[in-house]
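2 protein chains.
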Amino acid sequence: MDIKEKIGKHLKNLRTDKGLTQEKLSYESDVDKTYISEVENGKRNISVINLEKLIVTLGSSVKDFFNHKDFE
Amino acid sequence: MDIKEKIGKHLKNLRTDKGLTQEKLSYESDVDKTYISEVENGKRNISVINLEKLIVTLGSSVKDFFNHKDFE
């Protein structure tokens, strides 16, 4: 997995753990739903501002988000 | 500090700890020197692929890079 795919997988896990749909996450984060879908599918080279927006909307922090062996 | 500024600060610290100039980091990572300078100054909304390139070139990991209270 490349970094885009790892981030997509972890974002999707975090979102589903919180019980949010992509639509709801899009609405709450003000990030486009199609963009979120592409990020989750590992297709998008997301920027740090959008990544932080999504992570914070999902109730986590950038530190906690990357605290996983996938990012070693 | 916003996320761009935090990342810039930590990248610069990591680079100088390794004793690398921006020129050398640019050469080794294949990321443009002007871009690196702007990232370090907190002006650039860096994408995850370029961020990972710089971090790995500097001998660290994305996990370790974000493991700091600034990113909580």
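Each protein sequence line maps, in turn, to chains C and G. Numbered per full-length UniProt numbering, the first sequence spans residues 1 to 72. Numbered per full-length UniProt numbering, the second sequence spans residues 1 to 72. All residues carry an ideal CB built from backbone N, CA and C; glycine is no exception.
Helix, strand or coil: how does DSSP classify residue i here?
| i | result |
| --- | --- |
| Ser37(G) | helix |
| Ser61(C) | coil |
| His68(C) | coil |
| Lys18(C) | coil |
| Val31(C) | coil |
Give the interface partners of residue i over in chain G, defined as CB-CB distance under 8 Å, in chain order.
| i | result |
| --- | --- |
| Ser47(C) | Asn45, Ile46, Ser47 and Val48 |
| Glu52(C) | Ile3 |
Taking C-beta pairs closer than 9 Å, name the residues in chain C that residue i reaches, listed in chain order.
| i | result |
| --- | --- |
| Glu5(G) | The premise fails here: Glu5(G) is roughly 11 Å from chain C at the closest Cβ pair, so nothing lies under 9 Å. |
Closer than 7 Å by beta-carbon distance: list the chain C residues that pair up with residue i, in chain order.
| i | result |
| --- | --- |
| Asn13(G) | Within chain C, no residue comes near Asn13(G); the closest Cβ sits about 16 Å away, beyond 7 Å. |
Just tell me which of the options has its CA closest to the CA of residue i.
| i | options | result |
| --- | --- | --- |
| Phe71(C) | Asp70(G), Val48(G) and Thr16(G) | Val48(G) |
| Asp17(G) | Lys69(G), Ile55(G) and Val62(G) | Ile55(G) |
| Asp30(C) | Phe65(C), Glu5(C), Ser61(C) and Leu51(C) | Leu51(C) |
Which residues in chain G have a C-beta closer than 9 Å to the C-beta of residue i? List them in chain order.
| i | result |
| --- | --- |
| Lys63(C) | Phe66, Asn67, His68, Lys69, Asp70, Phe71 and Glu72 |
Could you name the residues that DSSP lists as bridge partners for residue i?
| i | result |
| --- | --- |
| Ser47(G) | Ser47(C) |
Count Cβ pairs between the stretch 16-33 of chain G and the stretch 12-26 of chain C that sit closer than 8 Å; are there 3 or more? no
For the stretch 34-47 of chain G against the stretch 35-42 of chain C, do three or more pairs of beta-carbon atoms, one drawn from each stretch, fall closer than 8 Å, so that the two count as touching? The stretch 34-47 of chain G vs the stretch 35-42 of chain C: no contact.
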